[in-house]
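Contents: one structure, followed by commentary.
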Amino acid sequence: AQLLESLRAGRRALSERSDGRPVQLGEVLGAGGMGEVLHGFQPTLRRPVAVKRLHDASDDGVSQLLREAWVAGYLEHPNILPVHDLAGDAAAPLMVMKLIEGVPWIDALADPTRATGGLPPDDPERWQLEVLLEVCQAVRFAHARGVVHLDLKPANVMLGRYGEVYLVDWGLAGTFREDAPGWLPRVGDLEGLVGTPVYMAPEQAQVAPGRIGPATDVYQLGGILYELVTGQRPRQGAPLRAALLASRGVMPDLSAMPQGLRAICERALDPEPERRYPDAGAFAQALRDHLQHREAERLADEGWQRLNTLRSATPSQRREAERLGAECAFAFEQALQIWPESRAALEGRHALVLWQVELTV
Numbered sequence: 006a007q008l009l010e011s012l013r014a015g016r017r018a019l020s021e022r023s024d025g026r027p028v029q030l031g032e033v034l035g036a037g038g039m040g041e042v043l044h045g046f047q048p049t050l051r052r053p054v055a056v057k058r059l060h061d062a063s064d065d066g067v068s069q070l071l072r073e074a075w076v077a078g079y080l081e082h083p084n085i086l087p088v089h090d091l092a093g094d095a096a097a098p099l100m101v102m103k104l105i106e107g108v109p110w111i112d113a114l115a116d117p118t119r120a121t122g123g124l125p126p127d128d129p130e131r132w133q134l135e136v137l138l139e140v141c142q143a144v145r146f147a148h149a150r151g152v153v154h155l156d157l158k159p160a161n162v163m164l165g166r167y168g169e170v171y172l173v174d175w176g177l178a179g180t181f182r183e184d185a186p187g188w189l190p191r192v193g194d195l196e197g198l199v200g201t202p203v204y205m206a207p208e209q210a211q212v213a214p215g216r217i218g219p220a221t222d223v224y225q226l227g228g229i230l231y232e233l234v235t236g237q238r239p240r241q242g243a244p245l246r247a248a249l250l251a252s253r254g255v256m257p258d259l260s261a262m263p264q265g266l267r268a269i270c271e272r273a274l275d276p277e278p279e280r281r282y283p284d285a286g287a288f289a290q291a292l293r294d295h296l297q298h299r300e301a302e303r304l305a306d307e308g309w310q311r312l313n314t315l316r317s318a319t320p321s322q323r324r325e326a327e328r329l330g331a332e333c334a335f336a337f338e339q340a341l342q343i344w345p346e347s348r349a350a351l352e353g354r355h356a357l358v359l360w361q362v363e364l365t366v
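When we follow the working numbering, the leftmost residue of the sequence shown carries the number 6, and every step to the right adds one.
Laid out in structure tokens, this is it:
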């Protein structure tokens, strides 16, 4: 009830403005299902801006634009695109935002030079993971304020010319807290299938708003991580098929991923929200641990590669197996000397012992 009254008050406020349209509109920068974003100019502050307007200013469309602007305004953070103002009128509202000089992250996945001034990063994998960590900062802040984004994907991240990272498009966002301000949209009010099917968490595809929370965003962060490492989206095919796979909790094939990142993805993409990282902060910490201990992770991954070769060895390859077993054990032990808490190395060492026991039985 409070949200509906807030929406009515928002429309009245737009209708009563005396400044009319305090932005000048220019060329279209991009378009989506709900509206389009244009280059604009704000004469009062003499600055360029981005302006979002609706394709169809129906009551539902206006309400959605107001909700998106309010959520973004509620979440002031360096990694969240700032909303400067709501302009226009109730019949044609405009959301005035910071203009980013840069590119969508999705355009820089295959070619990071699109976002790094034409110079390739020294370590492309680290660069991509550090962008993801910046996104996690925005999501972590939103979770702390009781808000989930629900549409996390590279297309909704903008990379600025000077290294800025902005999470955009809060049109599906809502709060999961009962004590949140009444004018914030609630995840319990979601109706139908919402989100992008190739990244969607199972509880979204099952239309189970009672299960939606921070772990839902964590699932989508895991899907982005999978895409960064493998070059493939977590699901393939038409939206309807992707949504069906999501509703069944089907996980992508993680076998080609390095063991350390695979373990992070496996937990983030667990079909059950309770078994994922509890929020974006915990997911980010796992990524930071990986980056801090990459040499240990590399050694653990080498150990796993040798262990997988061992498992497929035939009895006639006993001498080769003995050599691989020694190298495998050495790789895991070296990894644990560098990082005693390496999950990949601990699990690898345990798996090697089990294989050796089975071999003697």
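We put the CB at the ideal spot given by N, CA and C, even for glycine.
Assuming residue i and residue j make a contact with CB atoms under 8 Å, what is their CB distance in whole Å?
i: V223; j: F288; result: 5 Å
i: L315; j: A305; result: The pair is not a contact, with the Cβ atoms about 15 Å apart (cut-off 8 Å).
i: A92; j: V28; result: 5 Å
i: L266; j: H298; result: At roughly 12 Å, the Cβ-Cβ gap does not stay under 8 Å, so L266 and H298 are not in contact.
i: L155; j: L177; result: 4 Å
i: G228; j: L274; result: 7 Å
i: P278; j: G218; result: 7 Å
Check each candidate in the options and name the one with the smallest Cα separation from residue i.
i: K2; options: V67, G78, W188 and W110; result: Limits of the chain in this structure are 6 at one end and 366 at the other, which puts residue 2 out of reach.
i: P263; options: G37, P83, W309 and H44; result: W309
i: P87; options: A96, P345, Q297 and V101; result: V101
i: G40; options: P27, V28, L274 and L71; result: L71
i: E183; options: V192, E130 and A291; result: V192
i: P283; options: W75, G187 and A149; result: A149
i: A331; options: A349, V358, E352 and T319; result: V358
i: G242; options: P219, Y204 and Q47; result: Y204
i: P202; options: P190, A247, V170 and A185; result: A247
i: L137; options: A340, L364 and L292; result: L292
i: V170; options: V108, P219 and D194; result: V108
i: G45; options: A268, G38 and V33; result: V33
i: F335; options: E352, E307, S347 and A318; result: E307
i: S317; options: P345, S347 and W360; result: W360
i: L312; options: P345, W344, I343 and A350; result: A350
i: G37; options: E338, R58, V199 and C333; result: R58
i: A5; options: W188, P125 and G353; result: For the chain, the structure presents residues 6 to 366; residue 5 sits outside this window and is missing.
i: G254; options: A261, A268 and R281; result: R281
i: R166; options: A113, T49 and L364; result: A113
i: L123; options: D174, G168 and I105; result: Correcting the residue identity first, residue 123 is Gly in this sequence and not Leu. Looking at the Cα atoms, G168 is the closest of the given residues.
i: D64; options: I343, D94, W175 and T49; result: D94
i: Q344; options: R324, E271 and R303; result: According to the sequence provided, residue 344 is Trp. The question's Gln does not apply to it. That would be R303, whose Cα lies nearest to the Cα of W344.
i: L259; options: L250, E271 and E352; result: E271
In or out: residue i buried (at least 16 other Cβ within 10 Å) or exposed?
i: D61; result: exposed
i: R51; result: exposed
i: A115; result: exposed
i: P257; result: buried
i: E21; result: A caution first: E21 carries a pLDDT of 49, below 50, which makes its placement in the model unreliable, though a value can still be read off. When all chains shown are included, E21 counts as exposed.
i: G35; result: exposed
i: V362; result: exposed
i: P31; result: A small correction: the amino acid at residue 31 is Gly; Pro does not occupy that position in the sequence shown. It counts as exposed.
i: A252; result: The question names Ala, but residue 252 is Ser in the sequence shown. That one is buried.
i: A268; result: buried
i: E346; result: exposed
i: E208; result: buried
i: L364; result: exposed
i: Q342; result: exposed
i: L226; result: buried
i: P83; result: exposed
i: L9; result: exposed
i: S23; result: Annotation note: pLDDT 47 at S23 (below 50); position unreliable, coordinate value reported separately. With fewer than 16 Cβ atoms within 10 Å of its Cβ, S23 is classed as exposed.
Is the beta carbon of residue j closer than 8 Å to that of residue i?
i: P239; j: Y231; result: yes
i: A120; j: L172; result: no
i: R131; j: G286; result: no
i: C356; j: A301; result: The amino acid occupying residue 356 in the given sequence is Ala; Cys does not appear at that position. Not in contact: A356 and A301 (Cβ atoms no closer than 8 Å).
i: V42; j: W110; result: no
i: T221; j: A210; result: no
i: P117; j: P129; result: yes
i: A147; j: V153; result: yes
i: Q142; j: L233; result: no
i: H89; j: V67; result: no
i: A96; j: G151; result: no
i: G179; j: L195; result: yes
i: F337; j: R348; result: no
i: V76; j: W175; result: yes
Closer than 8 Å, CB to CB, is residue i near chain B or not?
i: R150; result: The structure shown contains no chain B, having only a single protein chain.
Legend entry - Residue ranges of each alpha helix (DSSP H) within the stretch 313-345, 4 or longer: You should have 323-343.
Legend entry - Ranges of the alpha helix (DSSP H) found wholly within the stretch 144-212, counting only runs of at least 4: Entirely contained in the stretch 144-212, the alpha helix (DSSP H) runs reaching 4 residues are, in chain order, 207-210.
Legend entry - Runs of alpha helix (DSSP H) wholly within the stretch 229-309 (minimum 4 residues, chain order): Listed in chain order, they are 244-252, 264-273 and 285-297.
Legend entry - Secondary structure, alpha helix (DSSP H): runs of 4+ residues fully inside the stretch 104-140: Within the stretch 104-140, the runs of alpha helix (DSSP H) that reach at least 4 residues and sit entirely inside it are, in chain order, 110-113.
Inset, instruction - Output the residue ranges of the beta strand (DSSP E) runs that lie fully inside the stretch 22-92 and measure 3 residues or longer, sorted by chain position. - result: Complete beta strand (DSSP E) runs here, min 3: 29-36, 40-47 and 52-59.
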